[in-house]
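Visitor: Handing you this structure, nothing more for now.
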Amino acid sequence: MQIVIASGKGGVGKSSITASLLYLLKDDYRLIAVDADAEAPNLGLLLGVTNWEEEREHVGAKIARINPETCIRCGICRERCPYECIYMDEYGNYVVNELTCEGCNVCGLVCPVPGTITLEQVRSGVIRKATTKYGFPIISAQLDVGRPESGKLVTEEKEWASRIMKEQGLEHMIVDSAAGIGCQVIASVGGADVAILIAEPTPASLSDVQRVYKVVQHFHEPAYLIVNKADINPGFTKLREWAESEGIPILGEIPYDSSIPKSMSMLKPFVEAFPDSKASKAIREVAEVIKEEIIRG
Amino acid sequence: MQIAVSGGKGGTGKSTVAVNIAVELAKKFKLVLADLDVEAPNDHILLGVNLGNEREVHQFMPKFDYSKCIKCRKCAEVCEEHAIVTLKDGTPFLMPTLCSGCRACEIVCPVPGAIQEGSRLIGHTYVTETPYNFILVTGKLREGEERSMPLVVATKRRVKELSWDLLIVDTAAGTGNTVSKAIEGSELLIAVTEPTPLGIHDTELILELGRLMEIETWVVINRSDLGDVNEVYRRAERYGAEVIAEIPYSENIVKTYVSGTPIVTTNFPEAEIFRKIADKIYNFLR
Chain A
1 MQIVIASGKG GVGKSSITAS LLYLLKDDYR LIAVDADAEA PNLGLLLGVT
51 NWEEEREHVG AKIARINPET CIRCGICRER CPYECIYMDE YGNYVVNELT
101 CEGCNVCGLV CPVPGTITLE QVRSGVIRKA TTKYGFPIIS AQLDVGRPES
151 GKLVTEEKEW ASRIMKEQGL EHMIVDSAAG IGCQVIASVG GADVAILIAE
201 PTPASLSDVQ RVYKVVQHFH EPAYLIVNKA DINPGFTKLR EWAESEGIPI
251 LGEIPYDSSI PKSMSMLKPF VEAFPDSKAS KAIREVAEVI KEEIIRG
Chain B
1 MQIAVSGGKG GTGKSTVAVN IAVELAKKFK LVLADLDVEA PNDHILLGVN
51 LGNEREVHQF MPKFDYSKCI KCRKCAEVCE EHAIVTLKDG TPFLMPTLCS
101 GCRACEIVCP VPGAIQEGSR LIGHTYVTET PYNFILVTGK LREGEERSMP
151 LVVATKRRVK ELSWDLLIVD TAAGTGNTVS KAIEGSELLI AVTEPTPLGI
201 HDTELILELG RLMEIETWVV INRSDLGDVN EVYRRAERYG AEVIAEIPYS
251 ENIVKTYVSG TPIVTTNFPE AEIFRKIADK IYNFLR
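Which chain is which? The protein sequence lines are A and B, in order.
Sequential numbering of the first sequence, starting at 1, is according to the working numbering.
Sequential numbering of the second sequence, starting at 1, is according to the working numbering.
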């Protein structure tokens, strides 16, 4: 089974909760973890991974380059670039901003001088594999700074994870998705069997989780909700009301607990670092519900 | 003038910093705040305003006129997104969600009129008056759309229609090319970070982006009591970035955050921290 954990908003505790759930499910199931936040991967850190066993470069991205020797400075490339990535430098040369180029090659197609603008393949990032000290493997990715295609990295991560699942006879893939609703999240949610949404009771988090839920609905996946930092905003009932109105079962509520940021500094799942904390008690209950309702159900 | 607030990791407090310095700096500049976190825009929620002046953002999509198409497959060959697939006989079909609207297919099509102008709604932009004497411009990607770059570009274009002396952009999380697109044109980059190992890891990436873009970069350490701030100082120094503020974890900040009242408009002592950040920016820009 493939379970994706998403939140729409960053910083609501998605990776902390994922790390603790992995810790709690590892003894009963054969798992693989996928950190699908290729722009800010953190799950490996939270699971204490320091050495990556295998690293593969992803050379998918393309970047346009302009040869100043043959360029006739007509400016058509700059005019036609759909993302306004071409500018004129101080010497009067047209230059592609490599940190914003999407690699669509429109500039190359409209350029009247053949060979002046070329589309070059560049590295967009790396995908890595490690075995955590808990026994299960993790796949993670890191997009290079300023590169496009983070969604493609995530797709490749999931393909690699699927192969390992087959080779090692693993049962479940747990995917920790990125913030937002864009390509990385769509690549994370697509193909999953179940989505677990994490939200905190704030208007901003509600707004973002509603957006990611629409993406989940698009893939017709059943969704569940975990309310994190459940007590930080007493009186805010809209998150629970929304879940109820959409028929999204709430798997549990986790109170704000300073042991969570502390455990992050220790690079351990909070349920391992502070097993007696109130957050740990709550996540254990959530894990039981997940086993019962989602995995066995 | 333009400055950017970014942070690498999600949830570090970018929007809190952006909104509060906007309220403060709007006292000195004719100001626009642009929320370019188009996948999860929240500045309006933090400001307690409803989004106004909605405008649709449409993106080009090829529409094939099969009576004219000569099935040469050029459109499919040139599509870097592989959004156009062809049947055995060369008949092209579009997979709409993969299309980035770049028009490469239209450019190479040898038959006039075989590819016609189609379009798809990919999101919205908004221009909202705030009670704090500045205008908020927001980009919001439509759910199910994969590509945020066109919406970031459209939102920045809408910003250009307005007049302002200072533009503050609030970016998405991460350090991919949509974040650099948002930051582009800034004279100052403010990286909001947390002193946790995770926060520090991501901060390094945003500092690297600032270095590559050759933009003066400052660091604001949020929730500064939740980890080792010295580590942040060390990393900042390595990139020649100055740490300009430490914001401790504060229930008052959480309270004002959830109530849609920027903390600089309150009497809470923490308001002073944001005012000092704004002062420092003011002195830098002057």
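The beta-carbon is built from N, C-alpha and C at its ideal position, and this holds for glycine as well.
Quick caveat: nothing in here was measured; it's all calculated off a predicted structure.
Would you list the one or two residues that DSSP bridges to B:Met61?
Guide: B:Gly118, per the DSSP bridge assignment.
Visitor: Only counting the same chain, and skipping five residues up and downstream in sequence, which positions put a Cβ closer than 7 Å to that of B:Asp65?
Guide: Once the five neighbours on either side are set aside, the close Cβ partners of B:Asp65 are Gly113, Ala114 and Gln116.
Visitor: Counting only beta-carbon separations shorter than 8 Å, does A:His58 have a partner in chain B?
Guide: Judged by the 8 Å Cβ criterion, A:His58 is not in contact with chain B.
Visitor: Here's the rule: buried if 16 or more other CB atoms are within 10 angstroms of the residue's CB, otherwise exposed. What is B:Asp37?
Guide: Counting Cβ neighbours within 10 Å, B:Asp37 comes out buried, since at least 16 surround it.
Visitor: What's the gap between the Cα of B:Val169 and the Cα of A:Glu200?
Guide: Going from the Cα of B:Val169 to the Cα of A:Glu200 covers about 25 Å.
Visitor: Please go through the same chain and pick out, in chain order, the residues whose beta-carbon is closer than 7 Å to the beta-carbon of B:Val108, but skip the five residues on each side of it.
Guide: Lys74, Cys75 and Val78.
Visitor: Compare the C-alpha of A:Gly235 against each of A:Pro203, A:Ser263 and A:Ala279 and name the closest.
Guide: With distances taken between Cα atoms, A:Gly235 lies closest to A:Pro203.
Visitor: Have a look at A:Tyr134 and A:Asp28 and give me their C-alpha separation to the nearest angstrom.
Guide: Each residue's Cα considered, the two are about 12 Å apart.
Visitor: I'd like to know whether the C-beta of A:Asp208 is nearer than 8 Å to at least one C-beta of chain B.
Guide: It does; some Cβ of chain B falls within 8 Å.
Visitor: Tell me the DSSP secondary structure of A:Met88 in three-state form.
Guide: Reduced to three states, the DSSP call for A:Met88 is strand.
Visitor: Report the neighbours of A:Arg147 on chain B: residues whose CB is nearer than 8 Å to its CB, in chain order.
Guide: In chain order: Gly176 and Asn177.
Visitor: Does DSSP put B:Tyr66 in a helix, in a strand, or in coil?
Guide: Here B:Tyr66 sits in coil by DSSP.
Visitor: For B:Pro92, which beta-bridge partners are listed by DSSP?
Guide: Answer is B:Thr86.
Visitor: Determine, using beta-carbon pairs with one atom in the stretch 180-200 of chain A and one in the stretch 5-17 of chain A, whether at least three such pairs fall under 8 Å.
Guide: The stretch 180-200 of chain A vs the stretch 5-17 of chain A: in contact.
Visitor: Which residues in chain B sit within 9 Å of A:Ile226, going by Cβ to Cβ distance?
Guide: What A:Ile226 touches in chain B: nothing, since even the nearest Cβ is about 16 Å away.
Visitor: Can you tell me the Cβ-Cβ gap for A:Glu221 and A:Val185, rounded? I've got them flagged as a contact below 8 Å.
Guide: In fact, because the Cβ distance is near 13 Å, the residues do not count as touching under 8 Å.
Visitor: Listed in chain order, which residues of the stretch 122-147 of chain B have Cβ atoms closer than 8 Å to some Cβ of chain A?
Guide: Hits within the stretch, in order: Leu141, Glu143, Gly144, Glu145, Glu146 and Arg147.
Visitor: According to a CB-to-CB cut-off of less than 7 Å, which residues of the stretch 61-93 of chain A neighbour chain B?
Guide: Of all residues in the stretch 61-93 of chain A, Lys62, Pro82, Tyr83 and Glu84 have a Cβ within less than 7 Å of some Cβ in chain B.
Visitor: DSSP beta-bridge partners for B:Asn283?
Guide: In the DSSP output, where bridge partners are listed per residue, B:Asn283 has none listed.
Visitor: Is it buried or exposed for A:Lys268, if we count other Cβ within 10 angstroms and need 16 for buried?
Guide: With 16 or more other Cβ atoms within 10 Å, it is buried.
Visitor: I want to verify the contact list: residues of chain A whose CB lies under 7 Å from the CB of B:Cys102, in sequence order.
Guide: Per Cβ cutoff of 7 Å: Pro82, Cys104 and Val106.
Visitor: Would you say B:Met351 lies against chain A (beta-carbon separation less than 8 Å)?
Guide: With chain B covering 1 to 286 only, the question about residue 351 of chain B has no answer from this structure.
Visitor: Keeping to the same chain, check which residues put their C-beta closer than 7 Å to that of A:Ser140; ignore five residues upstream and five downstream.
Guide: Hits under 7 Å: Asp35, Pro41, Leu43, Gly44 and Arg128.
Visitor: Please decide whether A:Asn51 counts as near chain B, where near means a Cβ-Cβ distance under 8 Å.
Guide: For A:Asn51, the answer is no, since every Cβ of chain B falls outside 8 Å of its Cβ.
Visitor: Give the list of continuous alpha helix (DSSP H) stretches no shorter than 4 residues that lie fully inside the stretch 200-285 of chain A.
Guide: If we require 4 residues or more, the alpha helix (DSSP H) runs fully inside the stretch 200-285 of chain A come out as 203-218, 238-246, 259-266 and 270-273.
Visitor: Which residues in chain A have a C-beta closer than 7 Å to the C-beta of B:Ser180? List them in chain order.
Guide: Here the neighbours are Leu99, Thr100 and Gly146.
Visitor: Provide the residue span of the beta strand (DSSP E) that contains B:Val219, from first to last.
Guide: It spans Glu216 to Asn222 - the beta strand (DSSP E) in which B:Val219 sits, taken as one unbroken run.
Visitor: Mind listing the chain B neighbours of A:Lys291? Cutoff is C-beta to C-beta under 8 Å, in chain order.
Guide: The contacting residues do not exist; A:Lys291 stays about 28 Å from chain B at best.
Visitor: Does DSSP put A:Tyr134 in a helix, in a strand, or in coil?
Guide: Here A:Tyr134 sits in coil by DSSP.
Visitor: Which bits of chain A does B:Pro197 rub up against, with CB to CB less than 8 Å?
Guide: Residues of chain A passing the Cβ test: Leu45, Met264, Ser265 and Leu267.
Visitor: Over the uninterrupted beta strand (DSSP E) stretch that includes B:Val137, give me the two end residues.
Guide: Start and end: Ile135 to Leu141.
Visitor: Looking at chain B, is there any beta carbon in it that lies within less than 8 Å of the beta carbon of A:Val4?
Guide: With 8 Å as the cut-off, A:Val4 does not count as an interface residue toward chain B.
Visitor: Measure the alpha-carbon distance for A:Ala61 versus B:Val179 and round it to whole angstroms.
Guide: Taking the straight line joining both Cα atoms gives about 16 Å.
Visitor: Under 9 Å Cβ-Cβ, which residues of chain A neighbour B:Lys71?
Guide: Ordered by position in chain A, no residue passes the 9 Å Cβ test against B:Lys71, which lies about 20 Å from the chain.
Visitor: Against chain A, does B:Thr265 count as a neighbour if the rule is that its beta carbon must be under 8 Å from one of theirs?
Guide: Closer than 8 Å: no.
Visitor: Just the Cα atoms here: how many angstroms apart are B:Thr203 and B:Val85?
Guide: B:Thr203 and B:Val85: Cα-Cα distance of roughly 40 Å.
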